[in-house]
Each structure stands twice: as C-alpha cells, then as structure tokens.
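To keep things clear, I will list the structure first and then write my remarks on it.
Protein chains: 2
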Amino acid sequence: MYAGKYRFSRRAEVLGKSVYDHAEGAIMLSVGSAYPPILPDLSREASDSAKAYVAEVMQYGPLMGLADLREAISDYVAADGVKCTPNEVLITNGAKHATDLACRVFTEPGDKIIVTAPTYMTTLQCLRSHGLTFVAIPQDKDGMRTDILAARLATMRANGDALPKLLFDVPDFHNPTGITMSLERRKALLALAEEYDFVLIEDDPYRRIRFEGDPVPPIKSMDANGRVIAVGTVSKILAPGLRVGWAIGPNEIVRRMAMQKADGGSCPFTQRLVVDAIRSNKLAEHIDLVTDHMRVHRDTMIDALAEFLPDAQVRRPNGGYFLWAELPEGVSGDALAEKAVEHGVEIGSGRLCFPNEDPGNFIRFSYSYVDPNTIREGIRRLGEAYRNMAIAA
Amino acid sequence: MYAGKYRFSRRAEVLGKSVYDHAEGAIMLSVGSAYPPILPDLSREASDSAKAYVAEVMQYGPLMGLADLREAISDYVAADGVKCTPNEVLITNGAKHATDLACRVFTEPGDKIIVTAPTYMTTLQCLRSHGLTFVAIPQDKDGMRTDILAARLATMRANGDALPKLLFDVPDFHNPTGITMSLERRKALLALAEEYDFVLIEDDPYRRIRFEGDPVPPIKSMDANGRVIAVGTVSKILAPGLRVGWAIGPNEIVRRMAMQKADGGSCPFTQRLVVDAIRSNKLAEHIDLVTDHMRVHRDTMIDALAEFLPDAQVRRPNGGYFLWAELPEGVSGDALAEKAVEHGVEIGSGRLCFPNEDPGNFIRFSYSYVDPNTIREGIRRLGEAYRNMAIAA
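Residue numbers (this note's numbering), protein chains in the order written: chain V, 69 to 461; chain Z, 69 to 461.
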C-alpha cells in the first residue's frame, strides 16, 4: 500500500529491506550461528545476577561498558599478548557494532577503506551503509597480499588520490576464507598503517577456535603506536544471543566510539553474565567444547565435499566456522546457490563477500550451525544440485 | 599520548568524547534513570528463560525482533488505540536506537528535521551526529505550536527550500518540558505531515506514567496513511538495563530500519524477559508502582522549588520524569548548573535541550532517580547555590 511512497535515504536503498529471509525448511550451511546442542546454560548466572546485581543490571549501564567486564576482557586478551588497560576497552553489542562505531568515528561518505577480497559479507553491508568505497586486496595462503597493498598505496599517493583512513581484516581464520595471516604480513600491515596513516580494525571472533597448529600473535599485540582497534565478541565462543563484544584501542578513539552509540549503552545484564562466565572459567571450558565440535564439523564437511562435490576446491582451515570453495571457472556460484535451495540446502554465493568485482565461481559455507549428519546430507544435496545444474547447462 | 593524531570524522568532532562524566558524589537531579529501590526482580524470569528458551535466547535473534515480543507489543499499544500487526513492529535496543534507525533510513547529512525547542537532549546529539539541521518550533501548554510550524513550512515551500523529511517529538509528558500535546494539535501535525510529505517520529517513553488527568490518543492511533513511526521502550516503565524498545510503522519502513541495525539484531534474552513480564502482568503492576513513586517525587520537587528557589517558574507535569524551570531573565542556566556542582547537586542546563538558539535561563530537572528526601536536599542545595551566585554577581 505504501510502497514507493517514502523518500528513503541512499543508505536505505543500498541495504534494502530483505531482513535476511532464509529458505524455509532448507539445511542451513550459510549461517555462522552457534551450534544449538551446545548453547550454554546460563540460568544460574542469570538468576544470581538479576538478584545480586539488580541496581546494576536493571539500570542504564555506562556507555563504555561495565568496569568489571572491561577489566575481565583486558585479562582475557592478555593471554594473547595484548597489553591494554580497562580504559582502552569499549564494550559493544557484538563485533559488528564495534566496526560500525569505528566507521562513525573515522569516515565520511566517499572515504576509502582497505579490505581483503573476499571479506566478511555482513561487514561489507555495514561499510556500504557508510558510503565507503573499497580498496580491495587479494589474499594468498598467508593472508592479505601486503605487497600488492603497498604498491596500491604508493600509486595512490603518487597520483595525489585521497588515501584510505581505515583497514578492515579478519587475520585469524578469516571469514570467509579461513586463512590465518602470517606473522610477517601482520608486521608489514602495521608498518603500512604507520607509513600511510590509517587505522587497522582487527576483527577477531574466531582466534580461540583453533583445531590444530600454533597461534600467531594478534596484530594488536605488536601495536606500539595506537594504530589498531582490536575487535572481539563472545558470539562465537559463548553465545551470540548475549550481544556482547568489544573494541580495544587508544582511549582517545574508544571514548569517541562510545559517544557514537545510538542506544544508551550496551545491556548491563548480559555484560554481567559474561563477567561471571569469564571469572568462573565457564567461558574457557565452553571454548574447548566449541572447538571440539567445530573440528568434527569441519572434517565432516571437507570429507563430504570430496565425496559429493569433488569439483569444488577447498582450503582446509585450522579453525573458525567457515569453508570457502572455488568452483570450476565458468560455474556460477549464484546459480548453484539458487539451485541448492530447490534441493533443500542453503549456501552463500561468494558474490556477497566481494567488495567490488566478483569472479563469479565461489561459494561460502558455514559448518557451525547444523550437526555432522545434516552437514553430510546438505553437501549430498548440493552435489545433486550441482549435477542437475550441469545437465541443464 | 595520541591526542590530535587521528583523522576523526565530522560527527566524531560534533559528539566529542566526554562519555557523560558526572559530578562525583553530587545529588543527581539530572538523569532520567530508573528509581533504584523499585527496580524489578526478574531473577525467576531470567532463570526460566535461560533454561526453557535456550535455543532462542542464546542464539542470534531475528533482525526484526522475537515474533512473540512483536505480538505482545502490538497488544500492548492496542490499549492506547494503536492498531498494528506484528509485521509493523520492529524491536530495537531502546527508543533512541529506533530514532537513530529512522534517521539512517530517511536522511542525508544536511537534511532538515522538525523538533520542538527545547527537546530531548540526547536525541539532539543523535540527530546532530547524522548531520541534520533543525527546524525548531516553540511549544505552549498544548504542545508544539503547529500554527508556527505551518507558517514556516509554507514559507520554505514558497522560497523553494528543501523541506524537512522528518519530525521528532515527545507528545506525552514531553522531555524536558512535561507538556502533553492536545488532541487538536496532534491532528494538525498529522495533516501537516500529509501536506508536506514528512514522517513523524512519535517518541513515547512516558505515556503510561500518568499521575492524573485523562490520556490523549497517540498520534499513531490516528495515522491512516502510514505517516507515523511510534517509538517506545521499557526503560521508563520496567528497566532500562534490558535495552528493549520498539518502533511501530509501515512494514516498508520498519523492514528497512531493521536492515540498518549494525549489531546483528537486538538481544533475544532480554526480549524474552519482556515477553514474560507482559504476559504475566508484571509490567502492568510495575507501571502502577513507578507511577505512584514518580507522583510523590514530582510533588516533592515542586514543593521544594517553591520553598528553596521561588524565583524558578515551573509547569506542573501530569506525568513522566522531568521538570523544566525558567529562571528570571538574565540568570544563566549554565552558571547555575556549574555553581550547583560546587554545592553538591547536579542539574542540567537548559542549553543542552535547545536545537539552535538557547534563551540561556532554563534548567532541566529529573526527579526519577533519587528518593524524596534527597530530592528535597538537592533543591535546598540548589537554592543555596542560586543565592551565592546572586551575591557574587
């Protein structure tokens, strides 16, 4: 009745109104949601907090977040070599919220941001809503190609072009490719941030979900000059429903980010639950549990792809929630995603993850949400869809 | 160490980095926080929800909000004569978040928005962060002067100026003036929205906190043509810590607002607690409790002002959380607020509530947060500060 009647903003047109409708009844290999059978029981913590901390958890919370949580987070990241005071920790409603606040603090419409191609699709939407344009840099097995980035920046400077103010990346178990950036590249990125005066958003939801191999130090742990905003969340390690994340950066920056919160401060109740989970060691135990399950999920999905869709080339990630698959050249990821729905399985077309040009033949999988038998059945159906598509073509 | 080193955005400079530092140890007559002695005990609901609804409350929630809550809210507002389907209800992280999302969906930097002068100070900050400029309209005892607004709009149209896309107002127990808009003015506003093609944000946190007199129908209840986004919250009627609010409007609009959420959806856990509180009648009982206490708080503050600061002219509100006081001409609200801190009481200078020019001699009080004895003591100190200021001048 009202369609087309309103004068919507440009950013409203960019993001549209789909509210992520999913394919009804399909096996969901497309969403990085938590694995339902191991969602934590926080009923004891919830009841205790609602009673013992009523004046805190039912009241407006401080814009920066609860002091106890900011301290607990600074302890939590210390184990990764990140040194920060609680004053440098801002609590947010999840990691994406932190990235949005960083964009609010640093960018104007038309500004450039450096991202990998591909990168995290939902963050791309957020960056687009800020009117940003993309300096898109490819990856190899060691992460973002810093040599290519350096060359691009040098050219931009030589041409007198406006230089990017921000860089966004997921250096550990990258979403969607699963790649972990090498130490050398991390150092190179930091050096470029210094040389070209940009701030680096290190989005790190997956670091602790490591299946094998040794961790690489976070970029933030090497950040001597306040060039990095380290972004984290409990969504992938405890429960997305809590909506608790954080940004760690110079107080000058995170205070300004706090001022841009549009919602009167993050929920103090769920913040208190996270403090409790960290202090009681429940978080650490839950991370082990998630890691054990996700390892099996990854293996199941890789094996099933080898069996049912051997044409897809997949890189084996050492952690995280995602697989990234390359289809033979000329095979459309969009078309396969569409056909897959007819066969009762939902996957993500790689197109959603590319900031600018889409090579066209990539697929994003998440193995986090459904159980191993269903993963296998989903990939079996996908293989069927793939063969039907080939026959039709 | 890093100060001045970063290239911050314009909106970061507008909002600054104060994160609302309060005067340490002062009596707080400046904040619309909940009254601590009556904060609800939701420990039973929290424990039940964390157990019985674990797959819902610990997981990502739908961007639009929980279906049960959207239904409960549509029932809740039906009592005020607002007819809407759950499809027209978007759950947000409080009322301010809803206003921010509406700005994201409708405005570009430089656009105009209609507001009362004075208006809600924190929303002003949010509107400024969107780069909006203000069409500021005065109020009388019946609310926004729609005759003045009509004349301004007619002039703008005649001059070929860009017309405002949005209007923001708090028609019930206005923040900060406490005024309730008359039925006639509400109808006039709706007619102007039709005539000049703008969307009206009806911010309504206080409606149910009525001390005496009869309610006036919400503007939304008369909105035949989808011109109104009705914004609500449980912050003033149950608990601000839950961070649960809503926006009611045409599905075309609220779907687009959902897409602009930067945080992966509002917290499903606290949403479930609100569903529970509505269904168990706990919310209705709590509204009665809050209303009884706030009536005493209002009376106490008005009596104390008559005793200790008779120079201040105050309008008696029939509900809500705030008092608005006019000082004699030439007496500075800023100076009194500053002097008040020296005397151990924090009030808000009226300046913060004015979109454009500040008459200079207004004060905003909130009576919600401290108990009646402390309200009286706070106003006694303020009277002392006022007399000291007069002696110094």
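We put the CB at the ideal spot given by N, CA and C, even for glycine.
Interface residue (Cβ-Cβ distance to chain V less than 7 Å): Arg225(Z) is not classified as such. Interface flag for Gly246(V) against chain Z is unset, since no Cβ pair is found closer than 7 Å.
At the C-beta level, Ser111(Z) and Ser417(V) stay beyond 7 Å of one another.
Residues of the region 102-130 of chain V that bring their beta carbon within less than 7 Å of a beta carbon in chain Z comprise Ala102, Pro104, Leu107, Pro108, Asp109, Leu110, Ser111, Ala114, Ser115, Ala118, Lys119, Val122, Ala123, Val125, Met126, Gln127, Tyr128 and Gly129, in sequence order. Residues of the region 157-180 of chain V with a Cβ closer than 7 Å to any Cβ of chain Z, in chain order: Asn161, Gly162, Lys164, His165, Asp168, Arg172, Val173, Phe174, Thr175 and Glu176.
In this structure the region 315-329 of chain Z does not touch the region 291-311 of chain V; the number of beta carbon pairs closer than 8 Å is below three. Residues of the same chain with a CB within less than 8 Å of the CB of Glu262(V), apart from the 5 flanking positions on each side, are Asn293 and Arg295 in chain order. Around the CB of Lys233(Z), 16 or more other CB atoms lie within 10 Å, so the residue is classed as buried.
For a cut-off of 8 Å, the C-beta gap from Lys180(V) to Ala222(V) is around 15 Å, too long to register as a contact.
Three or more pairs of CB atoms, one per stretch, sit closer than 8 Å, so the region 331-347 of chain V contacts the region 140-158 of chain V. With a beta-carbon spacing of about 23 Å, Ala118(V) and Asp331(Z) fall beyond the 8 Å limit used to define contacts. One Cα belongs to Gly428(Z), the other to Ala405(Z), and the distance between them is close to 12 Å. Think of a sphere of 8 Å around the beta carbon of Val267(V): the chain Z residues whose beta carbon falls inside it are Tyr74, in chain order. In terms of beta-carbon proximity, Cys335(Z) lines the interface with chain V, with at least one pair separated by less than 7 Å. Taking all protein chains shown into account, Glu92(V) has fewer than 16 neighbouring C-beta atoms within 10 Å of its C-beta and is therefore exposed.
Neighbourhood of Leu310(Z) in chain V, by CB distance below 8 Å: Met126, Cys335 and Phe337, in chain order.
Comparing alpha-carbon positions, the option among Met362(V), Arg311(V) and Cys421(V) lying closest to Phe337(V) turns out to be Arg311(V). Gly228(V) and Ile182(V) have their C-alpha atoms spaced approximately 17 Å apart. Fully enclosed beta strand (DSSP E) runs of no fewer than 3 residues occupy 234-237, 267-271 and 296-301 of the region 231-312 of chain V, in order along the chain. Burial check for Leu251(V): the Cβ neighbour count within 10 Å stays below 16, so the residue is exposed. Neighbours of Asp344(Z) in chain V, taken as residues whose beta carbon is under 8 Å from its own, are absent, since the nearest beta carbon is some 12 Å off. The Cβ atoms of Val382(V) and Ile95(V) do not sit closer than 7 Å to each other. Within the region 369-432 of chain Z, the alpha helix (DSSP H) runs of at least 4 residues that lie entirely inside it are, in chain order, 401-410. Burial check for Gly281(V): the Cβ neighbour count within 10 Å stays below 16, so the residue is exposed. Relative to Arg455(Z), the option among Pro396(Z), Thr201(Z) and Met290(Z) whose CA is nearest is Pro396(Z). At a cut-off of 7 Å between beta carbons, Ser77(V) contacts chain Z. By the C-beta density criterion, Asp356(V) is exposed, having fewer than 16 other C-beta atoms within 10 angstroms.
Relative to the Cα of Ala374(Z), the nearest Cα in the group Val358(Z), Leu195(Z) and Leu391(Z) belongs to Leu391(Z).
Judged by DSSP secondary structure, Ile182(Z) falls within the beta strand (DSSP E) whose first and last residues are Lys180 to Thr184.
Taking Val173(V) as the centre and dropping the five residues before and after it, the same chain places the C-beta of Ile321, Arg324, Met325 and Gln328 closer than 8 Å to its C-beta, in chain order.
Exposed is the label assigned to Glu81(Z), since fewer than 16 other Cβ atoms lie within 10 Å of its Cβ. Residue range Val157 to Thr160 is occupied by the beta strand (DSSP E) that includes Ile159(V).
Contact annotation: Ile443(V) and Met362(V) have beta-carbon atoms that are not nearer than 7 Å. Residues of chain V whose Cβ lies closer than 8 Å to the Cβ of Arg324(Z) are, in chain order, Phe76, Ala80, Leu83, Gly84 and Lys85. Cβ-Cβ separation between Thr190(Z) and Gln207(Z): approximately 19 Å, too far for a contact (criterion under 8 Å). Put simply, the CB of Ala307(Z) is near chain V, with a gap under 7 Å to one of its CB atoms.
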